[in-house]
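Encoded as structure tokens, the structure appears first; notes follow it.
In our numbering, the protein residues as written are 74 to 456.
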């Protein structure tokens, strides 16, 4: 909540925590089996409901040919499923109607997230074309980033730009530190074991993130801006996002290059969003630049830098397999169109039953008090 304005800190925390209440139940009943169940043959778009539906076959038995149990894999993948819609709502945290999330989030999870997870990680359509995503570039960050763009466009711009954040920079730094630390669990854990692949993913994550942070600082200097702490934090997030699809598939040198390029591109996109996006797709917490564009650059550069020697199933474009990059472009265009269209339509559908945007009066007062009746500091409730 530190990056948001001072009127919406509690509201932001609440909206990003909502998926923690919603997704575990949906994941247990339908989500996991749709993402990782036996292919239902549509073709390769979704898993069979009966494979793991209602937790059937989820227990201490090994998952597939792995050494970890199905229950371990279930809860690990569930963390990805939870965080993805939480990223989306960051773009609209200052104007989204909290109750509407209990309709929108489960629908988005089942209709957008689960099919993509199956196609990329569950042995479905995209994986059959050897388009690789080690830890969630396509599944988590592109889906949430482009979903956030569609959500921001649907709700329209915020009314109170004069009250913009960040409200608490130390919270931003603390949250970024926790995020970086936790990201090692996502990226390293995607090796699905304590092995050399996990260590390799850990190393690449560190190098790409450090490089991205430096690149963001340099971009600020070139643009005539000071060394802002919030800029450093954004650079860290972009670096983590960019390397996510590639962390176990590229060599360390490529990881550093990816961090620099991804950071510079995301920086440019953020400048454009600041200049032109406020009137159309008002992205409150820079979700699209960091996750949408960061994930896009990560996906593209993975298809170029991936190599068999580094752990990939097939070589990338820079290693003699130019077709990999061509296939990546085609899949990218299809994914972007799907993320934008599906998210917009689901918001439109939700809006038929409950307004997805708060009233102008509630927005002006701030969601902390108008929706949650509490402030971030003691005594504010009575102010």
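Cβ atoms here follow ideal geometry from the backbone N, Cα and C, with glycine treated the same way.
As the structure is a prediction and not an experimental result, all values here were calculated from the model.
So, under 8 Å CB-CB, residue i and residue j are touching, yes? Tell me the CB distance rounded to an integer number of Å.
i           : j           : result
residue 416 : residue 220 : 4 Å
residue 109 : residue 129 : So it is not a contact: roughly 13 Å between Cβ atoms.
residue 358 : residue 164 : 6 Å
residue 92  : residue 107 : With 8 Å as the limit, residue 92 and residue 107 do not qualify as a contact, their Cβ atoms being about 17 Å apart.
residue 319 : residue 374 : 7 Å
residue 272 : residue 322 : At roughly 14 Å, the Cβ-Cβ gap does not stay under 8 Å, so residue 272 and residue 322 are not in contact.
residue 379 : residue 205 : 6 Å
residue 437 : residue 232 : 7 Å
residue 376 : residue 393 : At roughly 13 Å, the Cβ-Cβ gap does not stay under 8 Å, so residue 376 and residue 393 are not in contact.
residue 260 : residue 208 : 5 Å
residue 360 : residue 118 : Residue 360 to residue 118, Cβ: 26 Å. No contact.
residue 302 : residue 242 : 6 Å
residue 368 : residue 195 : Not quite, the Cβ-Cβ distance comes to about 19 Å (not below 8 Å), so this is no contact.
residue 158 : residue 191 : At roughly 17 Å, the Cβ-Cβ gap does not stay under 8 Å, so residue 158 and residue 191 are not in contact.
residue 226 : residue 101 : So it is not a contact: roughly 32 Å between Cβ atoms.
residue 280 : residue 332 : 7 Å
How long is the line joining the alpha carbons of residue i and residue j, rounded to whole angstroms?
i           : j           : result
residue 299 : residue 366 : 24 Å
residue 306 : residue 445 : 28 Å
residue 112 : residue 193 : 12 Å
residue 170 : residue 439 : 12 Å
residue 178 : residue 156 : 11 Å
residue 212 : residue 448 : 35 Å
residue 215 : residue 443 : 32 Å
residue 86  : residue 172 : 14 Å
residue 455 : residue 202 : Only weak support is given to the placement of residue 455: the predicted model assigns it a pLDDT of 49, under 50, and the value that follows is read from those uncertain coordinates. Between residue 455 and residue 202, the C-alpha separation is close to 59 Å.
residue 76  : residue 254 : 19 Å
residue 431 : residue 229 : 12 Å
residue 276 : residue 405 : 27 Å
residue 175 : residue 144 : 26 Å
residue 239 : residue 180 : 31 Å
residue 325 : residue 429 : 44 Å
residue 84  : residue 387 : 45 Å
residue 133 : residue 270 : 24 Å
residue 407 : residue 423 : 24 Å
residue 401 : residue 441 : 43 Å
residue 264 : residue 258 : 10 Å
residue 139 : residue 304 : 40 Å
residue 88  : residue 395 : 42 Å
residue 297 : residue 316 : 28 Å
residue 418 : residue 363 : 23 Å
residue 291 : residue 81  : 31 Å
residue 150 : residue 426 : 31 Å
residue 409 : residue 137 : 31 Å
Is it right to say residue i is buried, meaning 16 or more other beta carbons lie within 10 angstroms of its own, or is it exposed?
i           : result
residue 167 : buried
residue 249 : buried
residue 311 : buried
residue 421 : exposed
residue 268 : exposed
residue 347 : exposed
residue 352 : exposed
residue 349 : exposed
residue 294 : exposed
residue 103 : buried
residue 313 : buried
residue 338 : buried
residue 370 : buried
residue 381 : exposed
residue 286 : buried
residue 217 : buried
residue 344 : exposed
residue 309 : buried
residue 90  : exposed
residue 147 : buried
When you measure from the CB of residue i to every non-hydrogen atom of the ligand MN, does any distance come out below 8 Å?
i           : result
residue 262 : The ligand MN is absent from the structure shown, which contains no ligand whatsoever.
Based on the DSSP output, what are the partners of residue i in its beta bridges?
i           : result
residue 430 : 169
residue 142 : 135
residue 120 : 112
Hey, could you find the ends of the alpha helix (DSSP H) residue i is sitting in?
i           : result
residue 400 : 395-424
residue 379 : Taken as a continuous stretch (DSSP letters only), residue 379 belongs to no alpha helix (DSSP H), as it is neither H nor E.
residue 293 : 269-295
residue 325 : 325-349
residue 251 : 242-262
residue 391 : From DSSP, residue 391 is part of no alpha helix (DSSP H); its letter is neither H nor E.
residue 218 : 216-228
residue 366 : No alpha helix (DSSP H) holds residue 366; DSSP gives it neither H nor E.
residue 201 : 198-201
residue 191 : 187-194
residue 94  : 82-99
residue 322 : Looking at the DSSP string, residue 322 is not in any alpha helix (DSSP H), and its letter there is neither H nor E.
residue 213 : First-last for residue 213: undefined, no H or E at that position.
residue 304 : 302-316
With a threshold of 9 Å between beta-carbons, can residue i be considered close to chain D, or not?
i           : result
residue 283 : Note that chain D does not occur in the displayed structure, where there is just one protein chain.
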